[in-house]
Amino acid sequence: MIGVCIKYFHENYGGMLQAYATISMLEARGVEYELIQYQKENSLIGMIKSLPRLLNSVLLNDKYELFLKKRGKKSIQSLQGTMQLGRKLLKNLKKKNL
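Structure (structure tokens):
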């Protein structure tokens, strides 16, 4: 038996699909597995240590793009079908593994 630690209870559909693919592959090969649900604790020291990441240029660019999407500068309507598929896969994954 192997332990699989996958953070799949979040709104990142790529991560959810990766978790689903990994579990599907293990089941198809007959590998016994156990999902390890790890939840990082937010402590004051951890928050202080993560402060420098707030000034990361990649993170700032992502936040700026999200701001533009919310203002309507970028259309997210084309992603709606993909998001619905992701929600459906997540729902099935949660039902199966909880």
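In case it helps, this note's numbering puts the sequence shown at residues 962 to 1059. In this text, a Cβ means the ideal position worked out from N, Cα and C, and glycines have one as well. Computed from a predicted structure; not experimentally measured.
Boundaries of the beta strand (DSSP E) around Gly964: Ile963 to Cys966.
Straight-line measurement puts the Cα of Tyr974 at about 7 Å from the Cα of Met1044. Residue pairing from DSSP places Tyr994 in a beta bridge opposite Ile963. CA-to-CA, the gap between Cys966 and Leu1029 works out to about 34 Å.
The Cβ neighbour count for Ile1006, taken over all protein chains shown within 10 Å, is under 16; the residue is labelled exposed.
Straight through space, the alpha carbons of Asn1017 and Met1008 are spaced by roughly 15 Å. Per DSSP, the unbroken alpha helix (DSSP H) holding Asn1022 starts and ends at Ser1018 to Lys1031.
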